[in-house]
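For the protein sequence lines, the chains are A and B, in the order given.
Positions 154 to 620 (my numbering) are the ones given, in order, by the first sequence.
Positions 154 to 620 (my numbering) are the ones given, in order, by the second sequence.
These notes concern the structure reproduced below.
2 protein chains.
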Amino acid sequence: MYVFRSLSLLFLTVAACTSPPQGGEDVRISVLDGFIREALFHGRAYDRLEELCTVAPHRLSASTDAAAAIEWARATMEKEGFENIRLEPCVIPRWVRGATEQLFVVEPKEHAGERLAILALGGSIATPPAGLEADVIQVQNFEELTRRAEEARGKLVLFNRPMDSRLVDPFQAYRGAVNQRAIGASKAAAVGAVGAICRSMTTRLDNVPHTGGMRYAKRVPRIPSAACSTEAAERIAGWIDAGKRVRLRMVLNCREEDPVGSFNVIGELTGWEKPEEIVVVGGHLDAWDVGQGAHDDGAGCVQSIEAVSLVMRLDQRPRRTLRCVLFMNEENGTGGARAYAAAHGAEHHVLAIESDRGGFTPRGFTSDARGEVFDILQSLVELQKRTGAEKLISGGGGVDISPLAASHVPLVGYLPDAQRYFDLHHSASDTLDEVNERELALGAAAIASLAWLVADLPETLPPNPPR
Amino acid sequence: MYVFRSLSLLFLTVAACTSPPQGGEDVRISVLDGFIREALFHGRAYDRLEELCTVAPHRLSASTDAAAAIEWARATMEKEGFENIRLEPCVIPRWVRGATEQLFVVEPKEHAGERLAILALGGSIATPPAGLEADVIQVQNFEELTRRAEEARGKLVLFNRPMDSRLVDPFQAYRGAVNQRAIGASKAAAVGAVGAICRSMTTRLDNVPHTGGMRYAKRVPRIPSAACSTEAAERIAGWIDAGKRVRLRMVLNCREEDPVGSFNVIGELTGWEKPEEIVVVGGHLDAWDVGQGAHDDGAGCVQSIEAVSLVMRLDQRPRRTLRCVLFMNEENGTGGARAYAAAHGAEHHVLAIESDRGGFTPRGFTSDARGEVFDILQSLVELQKRTGAEKLISGGGGVDISPLAASHVPLVGYLPDAQRYFDLHHSASDTLDEVNERELALGAAAIASLAWLVADLPETLPPNPPR
Chain A
154 MYVFRSLSLL
164 FLTVAACTSP
174 PQGGEDVRIS
184 VLDGFIREAL
194 FHGRAYDRLE
204 ELCTVAPHRL
214 SASTDAAAAI
224 EWARATMEKE
234 GFENIRLEPC
244 VIPRWVRGAT
254 EQLFVVEPKE
264 HAGERLAILA
274 LGGSIATPPA
284 GLEADVIQVQ
294 NFEELTRRAE
304 EARGKLVLFN
314 RPMDSRLVDP
324 FQAYRGAVNQ
334 RAIGASKAAA
344 VGAVGAICRS
354 MTTRLDNVPH
364 TGGMRYAKRV
374 PRIPSAACST
384 EAAERIAGWI
394 DAGKRVRLRM
404 VLNCREEDPV
414 GSFNVIGELT
424 GWEKPEEIVV
434 VGGHLDAWDV
444 GQGAHDDGAG
454 CVQSIEAVSL
464 VMRLDQRPRR
474 TLRCVLFMNE
484 ENGTGGARAY
494 AAAHGAEHHV
504 LAIESDRGGF
514 TPRGFTSDAR
524 GEVFDILQSL
534 VELQKRTGAE
544 KLISGGGGVD
554 ISPLAASHVP
564 LVGYLPDAQR
574 YFDLHHSASD
584 TLDEVNEREL
594 ALGAAAIASL
604 AWLVADLPET
614 LPPNPPR
Chain B
154 MYVFRSLSLL
164 FLTVAACTSP
174 PQGGEDVRIS
184 VLDGFIREAL
194 FHGRAYDRLE
204 ELCTVAPHRL
214 SASTDAAAAI
224 EWARATMEKE
234 GFENIRLEPC
244 VIPRWVRGAT
254 EQLFVVEPKE
264 HAGERLAILA
274 LGGSIATPPA
284 GLEADVIQVQ
294 NFEELTRRAE
304 EARGKLVLFN
314 RPMDSRLVDP
324 FQAYRGAVNQ
334 RAIGASKAAA
344 VGAVGAICRS
354 MTTRLDNVPH
364 TGGMRYAKRV
374 PRIPSAACST
384 EAAERIAGWI
394 DAGKRVRLRM
404 VLNCREEDPV
414 GSFNVIGELT
424 GWEKPEEIVV
434 VGGHLDAWDV
444 GQGAHDDGAG
454 CVQSIEAVSL
464 VMRLDQRPRR
474 TLRCVLFMNE
484 ENGTGGARAY
494 AAAHGAEHHV
504 LAIESDRGGF
514 TPRGFTSDAR
524 GEVFDILQSL
534 VELQKRTGAE
544 KLISGGGGVD
554 ISPLAASHVP
564 LVGYLPDAQR
574 YFDLHHSASD
584 TLDEVNEREL
594 ALGAAAIASL
604 AWLVADLPET
614 LPPNPPR
């Protein structure tokens, strides 16, 4: 360790004064450079993420691992020396995957008994214990389903419209396909189908299924719903395309239990001048119950903690309070987000920043800010662009902070590079080894920078003007 | 495959006219969007890279795999329908790693016989067959070596200054450390040392050594030189730091043989109006003999081929000639670069673009262009920024095209994100699975875009003005 220690001696903290009035641009940039160096050289985000992925890899809401994640978050904030650490109650659904999720080929006969890779969708009911056997109809969209309603009756519907890989922005491709997963089952049930299978939300062609939330419409029978791998979807499509009858048997053991109590985990660095004015940085503590939720959203959690910690380690307590909020239940209910808004919506939130697009290399931020507020934020993003988070573009902030928009709180989403995200999202592939330590650290520095700049502005950032 | 085929039918090539005069901004942007969609949806770069990494993983200059890579390149250009395909001769060194490269601990006695991970540096001589045993002195830089010259006599010198991980740009950190690898052996020999070991050029702490080129100074004894893993460097440093005597035995079998003939591989899409004016796109075909050279520089090769191919597939033959040049011997001699400049330096090169920083997500381009030329290039980069290659910054173009600067050819380097590059560079970790298909494809689209825009300008891009 000799060399690291000797380099450590070279590391001069450029701005180690306590509670200074915010200086000119040069002073602020020297602080921001300090965040970058500290994050890259003594960064804790990656080690924290390793802890989280180890102690609570499958932290679906109301699971044992989710409870472990809450305790990990509380303990980590204590180790960091955060102030006002507390668990704040919320009510969340409890969906349990169960031991079995299988999809067997019945026909084509030459493939009978082969298994196709699936994951039950979060919120789905089970099949009968022996499974649900039916012929398969494949559709690309709800219009086709409506047109072929007669044909779909009594069938398993395969929603097989791929994410459009031609789009540069994978999130745009995701938005163009995810309605199949979210509401496909009820659309299928409405025309008399008995089950729904959704092509996984990824542009990759592989055998890894991607789960995710779905919801049932009212006044329509509830039918079981799963996501199959893109390879499975292509196999089925190939058989249908070749004029073969496709008949499958799906077995799901999942179940929805009664809602239970859980917690958001919150810690602060209180402002020295206006502690009642708050800048939120946050991510969500829950994750799907496959892989480790390393990018979604372990990365956002450890970056949020690290962002506040970086400000503390450089002794840069700002005028206003930095509040780290790790939300519960983003994935299947947003119970944590609603509880936070209910408990804190009346407080003076100056800004809320969410990191929930993975821990990849920084590209910038998105924001719903308008007019002058957008301009101010853009000037601050410009100050910290050396992190690689170079641009501010119009967009949402994130699911967990979105209820605050009603109180005119400007929302910001951290925007890492998105090209790899849907290779991993909601799948067994979302593991620690897919996270790069430097990319994760630079994201934490970017979030720390923007949060600190806003929290330390001499004049409070104005509320977001009405649309 | 049903779905891919059906999507394929939806893919309307927006600008499939032949040899059009270059239109206004809208027309050009629709062509560029076509490059993006084709690269993402029907892209060939990743499959080509898989071929190259399979048929010629260890394509060090003058090796069997290098010969296989040359044949692969020629055959691939033929499959693509390139014009004027040829192998152009160059003379290159032949360095052979040999079967053995080992570093054993002799002291501390409690670790005697343990092996530390090393790779011989390219160009190094061998040790005696039984190895070279000596005490170790650790230094951080050449100044310290000079100061401790007496102490270094008869020793193995460990150059152990890490790449500075605090820097956002890993290339800057590399430039700050790589002199230890490149010329450390002769610096050590000049003070009487008997061997040199260099800490691997990476910010990671792991057990994977990274090789690379070194060169001997004249009139100084040649001593054997290897790179050790960062973990090995830290272990040695820890022992020294604890006041222990460190004595090691290094065994290298490598040797430099006589120079041999080899080839650059070239193919073109000739311009319809001014075929004698040339835009080069290129990368280097050779690689180090560990890993697969997937990022360095398999990625640059397949992106260069794909860039020209994209223009062909969209039927967008430009006014000027696009020339794809796959250079031999970038890593240890630049024989290919010098041969190309000697053979073609007098031709009218309008621009040369090199991709040799890996196949990661696009950030932009670097260029040595000045004045008006820089401004024109910047306006063209702006046109294709949807690829993610958003900026043009001042810098070099690349090793292989650099001799063209003497002829006032503006040089451009493709600039992908750099955070992961030195995790892999010149090591066994530089393999296909570290390359993301979409990131690679977007880079190819970016290179195709800039090359096509310049090749199809109504007025020829002026030569780079003198500094």
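Ideal placement from N, C-alpha and C gives every residue a C-beta, glycine not left out.
Residues of the stretch 316-343 of chain A with a C-beta less than 7 Å from any C-beta of chain B: S318, R319, V321, listed in chain order.
N417(A) carries a strand assignment under DSSP once its states are collapsed to helix, strand and coil. Chain B has a Cβ within less than 8 Å of the Cβ of D570(A).
For the C-beta of L193(B), the chain A residues within less than 7 Å are, from N- to C-terminus, S318, R319.
8 Å or more divides the Cβ of E421(B) from the Cβ of R473(B). Taking 3 residues as the minimum length, the beta strand (DSSP E) runs contained wholly in the stretch 417-504 of chain A are 427-437, 473-480, in order along the chain.
Counted as a single uninterrupted DSSP element, the alpha helix (DSSP H) harbouring A198(B) occupies residues 198-208. With the criterion set as a beta carbon lying under 9 Å from some beta carbon of chain B, the members of the stretch 527-546 of chain A are R539, T540, G541, E543, K544, in sequence order. Within the stretch 498-519 of chain A, the residues whose Cβ lies closer than 7 Å to any Cβ of chain B are, in chain order, T514. S318(B) has its alpha-carbon roughly 8 Å from the corresponding atom of R190(A). In the displayed model, F194(B) falls within a helix according to three-state DSSP.
For N589(A), the residues of chain B that pass the 7 Å Cβ criterion are Q572, R573, in the order they occur in the chain. Interface annotation, L595(A): in contact with chain B, CB-CB separation under 8 Å. Where R368(B) is concerned, there is no enclosing beta strand (DSSP E), because DSSP gives it neither an H nor an E. Note that the C-beta distance between A252(B) and A598(B) is not below 8 Å. Closer than 8 Å at the C-beta level to chain B, one finds no residue of the stretch 397-425 of chain A. Beta-bridge partners assigned by DSSP to P242(A): F416(A). For the alpha helix (DSSP H) assignment, the uninterrupted runs of no fewer than 4 residues enclosed by the stretch 213-288 of chain A are, from N- to C-terminal side, 217-233.
Exposed is the label assigned to T217(B), since fewer than 16 other Cβ atoms lie within 10 Å of its Cβ.
Closer than 8 Å to the CB of I189(A) there is at least one CB belonging to chain B.
E296(A) is classed as exposed because its beta carbon has fewer than 16 other beta carbons within 10 Å across all chains shown. Residues of chain A with a Cβ closer than 9 Å to the Cβ of E592(B) are, in chain order, D570, Q572, R573. Assigned with DSSP and collapsed to three states, S508(A) falls in coil, not helix or strand. Rounded to the nearest whole angstrom, the CA to CA distance from Q445(B) to A379(A) is 38 Å. Residue pairing of I350(A) in beta bridges, as defined by DSSP: L311(A), A379(A). D411(B) carries a strand assignment under DSSP once its states are collapsed to helix, strand and coil.
Under DSSP, P515(A) shares a beta bridge with P569(A). For F324(A), same chain residues with a beta-carbon under 7 Å away, outside a window of 5 residues either side, are A571 in chain order.
For V534(A), the enclosing alpha helix (DSSP H) begins and ends at 524-536. Residue state for K397(A) is assigned as coil, using DSSP reduced to three classes. Counting along the chain, the unbroken beta strand (DSSP E) around S547(A) starts and ends at 544-547. Bounds of the alpha helix (DSSP H) holding T299(A) are 295-300. Cβ-Cβ distances below 7 Å link I529(B) to L614 in the same chain, with the five nearest sequence neighbours on each side left out; the list follows chain order. A residue is called buried once 16 or more other Cβ atoms fall within 10 Å of its Cβ, and H561(A), having fewer, is exposed.
Put simply, the backbone Cα of S462(A) is about 25 Å away from that of G549(A).
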